[in-house]
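Note that the protein sequences, when read in sequence, are chains H and W.
Under my numbering, the first residue of the first sequence carries the number 2, and numbering increases by one thereafter.
Under my numbering, the first residue of the second sequence carries the number 2, and numbering increases by one thereafter.
Quick notes on the structure that follows.
Protein chains: 2
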Amino acid sequence: MAKGVTKQSIDYAKWYTDVVLKGELADYGPVKGTMVIRPYGYALWENIRTAADALFKETGHVNAYFPLFIPKSYLSREADHVEGFAKECAVVTHYRLKNDPEGNGIVVDDEAKLEEELVIRPTSETIIWAMYKKWINSYRDLPILINQWANVVRWEMRTRLFLRTTEFLWQEGHTAHATAAEAHEEALTMIDIYRKLAEEYLAMPVYVGEKTEAEKFAGAEQTYAIEAMMGDMKALQAGTSHDLGQNFAKAFDVTFLNRKNQQEYVYATSWGVSTRLVGGVIMVHGDDKGLILPPKVAPHQVVIVPIWKSDDQKARIMEKVSEIKRRLQARGLRVLVDDNEQTSPGWKFNQWEMKGVPLRIEIGPKDLEQDQVVIARRDLGTKEFVRFDMIADTVEYLESDIQQMLYERAQKFRDENTHTVKDYAELKEVVDKGGFAKGWWAGSSADEEVIQTETKATIRCIPFRQPGGQGRCLYTGQPADKIAIFAKAY
Amino acid sequence: MAKGVTKQSIDYAKWYTDVVLKGELADYGPVKGTMVIRPYGYALWENIRTAADALFKETGHVNAYFPLFIPKSYLSREADHVEGFAKECAVVTHYRLKNDPEGNGIVVDDEAKLEEELVIRPTSETIIWAMYKKWINSYRDLPILINQWANVVRWEMRTRLFLRTTEFLWQEGHTAHATAAEAHEEALTMIDIYRKLAEEYLAMPVYVGEKTEAEKFAGAEQTYAIEAMMGDMKALQAGTSHDLGQNFAKAFDVTFLNRKNQQEYVYATSWGVSTRLVGGVIMVHGDDKGLILPPKVAPHQVVIVPIWKSDDQKARIMEKVSEIKRRLQARGLRVLVDDNEQTSPGWKFNQWEMKGVPLRIEIGPKDLEQDQVVIARRDLGTKEFVRFDMIADTVEYLESDIQQMLYERAQKFRDENTHTVKDYAELKEVVDKGGFAKGWWAGSSADEEVIQTETKATIRCIPFRQPGGQGRCLYTGQPADKIAIFAKAY
């Protein structure tokens, strides 16, 4: 842990893994593809979750919990969904183990074979709509605005901590509505909540828009997404919201008596963000020293490092440290005191910089005499002396300034690396040297596929904010009335 | 939902299921043994979880997340643990499905068979200790005080919602210590936190004590438990805390360099409470009208039911209702306004009584004229008129009074139905007519087994609070220095 992380410019992927492992955010689990989220990483996730949960509840959503096990047959009910999800799944076939009759530990009991295999949920539309069928009879039962916080499993051979693991944590909203318009509105409301979560809490600027036919969710009418630019100029899909139309209601035969006294299929949405957001925070803000955390979600917003030589100094300094801690906590700040005697102040500075704590307060014998502390900013690397009676105000101000600064810095980086392209040659050039390419688009799914094969870039979204007017499609040269954003993506 | 629940005296088990289903706390999932926790039940669980989580964090614990999948071989590492847990497990054998070549939906892809089968965690000691081996080198790395909130799976054929389901939600703490004494102390600290959670938040009095050899956790040196009495006089084990000694450290070869510079096995504890607590709350407080929720964990602490006939009345009443709601929320109270126009006030009264909301505020045109509302208590069924300007104070007082009253009522019920027994005949009589039997105990595990076979009662715990002195064992007649508590249990 004492050693630093690989420089971004030397190997960005290695830098990322170093930050995650050395910053003690996560570790590899014993089963290939699995991840252990360590306390520091989990505290970050908890803060993101708390923020998201409050935003959901403010907009009338409630939490619930549906089973992990989905009967295999459910997955094949919705035709597109089965293509998208039924493949790389963990399958439960037995429900009992027994002692090996030959004495080698335990073995699967062949007599305990399930009649129908169970799939560990890769996403819960199917099981939730099977339940909604029981609960929905009339328009009076609608809307249902349910969210669940859960683990899901999608078998992955190539693991990337937080970004691509076999099991991950997420939330999935599943709503049911009486009209197409209301479901559509809900899908848009939720993508805007994700935008707010990303921009206001994670300080992560995002493009908000619609997915193309080729990129949308398996079973959706329309998929909306927020797309962020990482430090290596690749895109991260950070959240999606789907207008599912009547597809799942039809697959699970969920009808309701509408106001005209007619049976009608229910309209649906689903939407989710996951622990992937932690990966996004790392890659949007991090630098060669490690992580830089936005104050709103940082597990520790301030770390206090006391410095002393004699026991007498220690007693006096720790008394002051307790007072400072109390004052900061009284403002609702999350404060950690690192008074570990096994490690030096210099080592602590490095460690907490690597772990991205927004502010560090240093206080030694001289500071005590002079009625001051040193406050160091993680984002700019600057230090300033602050008088005791000004500490709480200063910290509060700086936390808010850092939150703002991180957003602006990320936005500037993204905007500088988003290039308008006129034709395919320009697109290739941009994608090749790194960055987002935006340009007029009127191509087909087949065209997208060719572009992906040739450049590895995909359409991240058709952004809601459009310039208006018309142009020529960068690929087909046909008239186009929409701009699309292309990039390589995680 | 309009119809009431079965009377407790007619069929207690049916009463319980009615409360859960009609109160919309939970529903049966499509796979046998699984449960869907509906929003109202989940909100109750969230409040319990929030209270517990705060108690854990106050005592220095942090949250983390470990994988769902445990390699089969891990379960057999600790000899007792495998006996206790390895049997009724969900086993993942494959990681892919494919389209049925004969066109019948999807089938398991035989080519995607795992080399080693994976078990869905029934509890996480094994996988967590496999990770602790990577993280622990020296006494400086200790203690580790980790908790996780997770789903676990233990295959069950007979389902009872919240009490016994194949998948359930829980928290499991897993701590690692440098000395036996510190681990022992931790196990005791946590059982006391569970007592506090049960008594102060759930208004559920509990006996706190030690499990016998026969009843302790598979792999533990000692198991401590909190045991509550349900409305049918059966016991519910509501939480357990285990001193695991060095058993898991030895099984997973986890040693640390101690202060004397010697390698030593690490000492461990684990402890957990689950969604079973929801079942406990239902059965400790509920009555023939349905649920009665302790205010500290009730999803809605007050429901306001406005009553009107004309639109003009409606406008004036709803204005007042908004004001009352705002004032109560300003006190931090959880308030629901039921202004549904599809249902009558009488129907709403019944519904919210069934759902156990502690207080109901009724306000109609006459009340408005007279500057008052009616406040009804769910626990006592009493009603009183309260002046507008006294509403917030009165509600606050009543919530606290109900919390207290529920505890006292449950304690009185438990104490009245806990009988001191001198001999086995008396024990049989108590257990037969219902209740807890307490008496001197010096029997063996074999004796316990006979008693269980003959009476269905087990030793719930050897309570920490002992009368002192000696007596004669109720079963063997031998000298005994401890009292044990026997009961039939869920």
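Glycine is no exception: its CB is placed at the ideal position from the N, C-alpha and C atoms.
Computed from a prediction, not measured in an experiment: that's the story for all the values here.
A residue is called buried when at least 16 other Cβ atoms come within 10 angstroms of its Cβ; Asn64/W meets this threshold and is buried. One Cα belongs to Glu89/W, the other to Thr167/W, and the distance between them is close to 9 angstroms. At a beta-carbon threshold of 7 angstroms, none of the residues of chain W lie near Gln405/H; the nearest stands roughly 29 angstroms away. Residue environment analysis places Ala485/W among the buried positions, since at least 16 neighbouring C-beta atoms fall within 10 angstroms of its C-beta.
The Cβ of Met132/W sits closer than 9 angstroms to at least one Cβ of chain H.
Secondary structure of Phe57/W (DSSP, three-state): helix. Arg415/H carries a helical assignment under DSSP once its states are collapsed to helix, strand and coil. Within chain W, the C-beta atoms nearer than 9 angstroms to that of Pro72/H come from Pro31, Val32, in chain order. Contact between the region 456–463 of chain W and the region 204–220 of chain W is established, with three or more Cβ pairs separated by less than 8 angstroms. According to the DSSP assignment, Val274/H belongs to the beta strand (DSSP E) that extends over 268–275.
Between the C-alpha atoms of Pro359/W and Tyr43/H there is a straight-line separation of about 35 angstroms. By the C-beta criterion, the region 218–225 of chain H is judged to be in contact with the region 243–255 of chain H, since at least 3 inter-stretch pairs fall below 8 angstroms.
With respect to the 9 angstroms criterion, Val37/H and Met132/W are classified as neighbours on the basis of their beta carbons.
Within the region 211–234 of chain H, no residue has its Cβ closer than 8 angstroms to any Cβ of chain W. Secondary-structure assignment with DSSP links Leu146/H through a beta bridge to Thr176/H. Between Ala250/H and the set Ala179/H, Leu45/H, Val387/H, Phe437/H, the nearest pair of CA atoms involves Ala179/H. Collapsing the DSSP output to three states places Thr167/H in coil. Under the three-state reduction of DSSP output, His301/W falls in the coil class, being neither helix nor strand. Closest option to Glu397/H, judged by alpha-carbon separation, among Ala331/H, Gly287/H, Lys261/H: Ala331/H.
The beta carbon of Val374/H lies closer than 8 angstroms to those of Ile325, Ile362, Glu363, Ile364, Asp368, Phe386, Val387, Phe389, Ile392 in the same chain, with the five residues before and after it left out. Around the Cβ of Pro40/H, a 10 Å sphere holds 16 or more other Cβ atoms; the residue is buried.
Counting along the chain, the unbroken beta strand (DSSP E) around Gln223/W starts and ends at 223–230. Taking the C-beta atoms as reference points, Thr60/H is found nearer than 9 angstroms to Leu146/H.
Collapsing the DSSP output to three states places Ser242/H in a strand.
Between Pro480/H and Gln467/H the beta-carbon gap is near 15 angstroms, outside 8 angstroms, which marks them as no contact.
Annotation for Asp372/H: Arg388, Phe389 place their beta carbon closer than 8 angstroms to its own, counting only its chain and skipping 5 residues before and after. Excluding its 5 nearest sequence neighbours in each direction, Leu143/W has C-beta neighbours in its own chain below 8 angstroms: Ile137, Ala177, His178, Ala179, Phe257, Val267, listed in chain order. Only residues of its own chain outside the window of five on either side were considered, and among them Lys212, Gln238, Thr241, Cys462 have a CB closer than 6 angstroms to the CB of Ala226/W, listed in chain order.
Within the region 74–97 of chain W, those residues whose Cβ lies closer than 7 angstroms to any Cβ of chain H are, in chain order, Ser74, Leu76, Ser77, Val83, Ala87, Lys88, Glu89, Cys90, Ala91, Val92, Val93, Thr94, His95, Tyr96, Arg97.
Under the three-state reduction of DSSP output, Thr160/H falls in the coil class, being neither helix nor strand.
Put simply, of Val303/W, Ile121/W, Glu320/W the residue whose alpha carbon is nearest the alpha carbon of Ser401/W is Val303/W.
Taking the beta carbon of Pro40/W as reference, the chain H residues within 8 angstroms of it are Val63, Asn64, Ala65, Ile147, listed in sequence order. In terms of Cβ geometry, Ala411/W and His286/W form a close pair [threshold 9 angstroms].
A Cβ-Cβ separation of about 6 angstroms places Asn152/W in contact with Leu170/W under the 8 angstroms criterion. Beta-bridge pairing by DSSP links Leu360/W to Val303/W, Arg378/W.
Between Met230/H and Arg415/H a beta carbon distance of about 4 angstroms is seen, short of the 8 angstroms cut, so the two are scored as contacting.
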